[in-house]
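Working notes, beginning with the structure itself.
Residue numbers (the numbering used here): 620 to 839.
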């Protein structure tokens with residue numbers, strides 16, 4: 620009887636140890652994020668938006684590097700360090716703490732229709748850093764709009780990713796979205812009134828959803 624109870628107790632101890640070990644691994648294992656190749660793959664292309672072309676213009680919450688080509692930039696390593704020095708000088712240091720990869724892309728409906736979409740994808744070492752960056756992006760976006768004196772700002776919660784906030788002003792909608800360790804700053808901008816309000820609203824839904832879908836496929 621004593622031996623049987625001893626074996627049961629031993630089994631119980633083993634189960635507890637294994638459970639605690641699994642919990643510890645879960646707590647210590649880093650959240651999935653994007654590496655350099657993933658950041659490039661996460662950026663939408665003209666194949667994702669038929670009828671759109673690459674465009675070098677439209678700067679969003681972050682200035683683009685001089686190496687930007689065809690509206691597309693991927694920054695890691697020394698190139699990212701250099702750009703972060705510029706961003707800090709411009710007051711955008713919120714983007715640079717524990718960031719290891721940044722991708723930027725701008726697409727335009729056509730060369731004669733100034734309807735553009737922008738996405739900045741920032742990959743961080745952990746969720747805590749991503750949360751801090753998302754908060755910084757939200758504050759920065761709100762401050763830029765207020766400082767510019769743009770009227771009729773509407774803020775909303777689009778319900779995307781782990782955290783999201785939208786900023787709608789006449790002719791443009793920007794979103795700050797966090798998906799785990801990744802932060803997205805997206806903008807849909809109509810600079811010509813050559814597309815209908817329905818088309819603009821559809822793109823406001825489609826563009827960030829497309830961007831987030833590509834990220835989720837890579838980190839899952």
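Glycine is no exception: its CB is placed at the ideal position from the N, C-alpha and C atoms.
Residue pairing by DSSP places residue 792 opposite 787 and 807 in a beta bridge.
One thing to note: residue 757 has its Cβ no nearer than 7 angstroms to the Cβ of residue 826. If you check the CB distance, residue 692 and residue 830 do not come in under 7 angstroms.
One alpha carbon belongs to residue 709, the other to residue 755, and they sit about 14 angstroms apart. Contact annotation: residue 814 and residue 733 have beta-carbon atoms that are not nearer than 7 angstroms.
Shown here for residue 683: same chain residues with a beta carbon closer than 7 angstroms to its own, the five before and five after excluded, namely 692 and 723 in chain order. Distance check between residue 792 and each of 718, 729 and 680 places 680 closest, using alpha-carbon atoms only. Counting only unbroken stretches of 4 or more residues, the alpha helix (DSSP H) elements lying wholly within the stretch 717-777 are 746-766, in sequence order. For the 7 angstroms CB-CB criterion, residue 837 and residue 675 do not form a contact. Residue environment analysis places residue 652 among the buried positions, since at least 16 neighbouring C-beta atoms fall within 10 angstroms of its C-beta. Here residue 767 is exposed, its C-beta having fewer than 16 other C-beta atoms within 10 Å. Per DSSP, residue 683 lies in no beta strand (DSSP E) segment and is marked neither H nor E.
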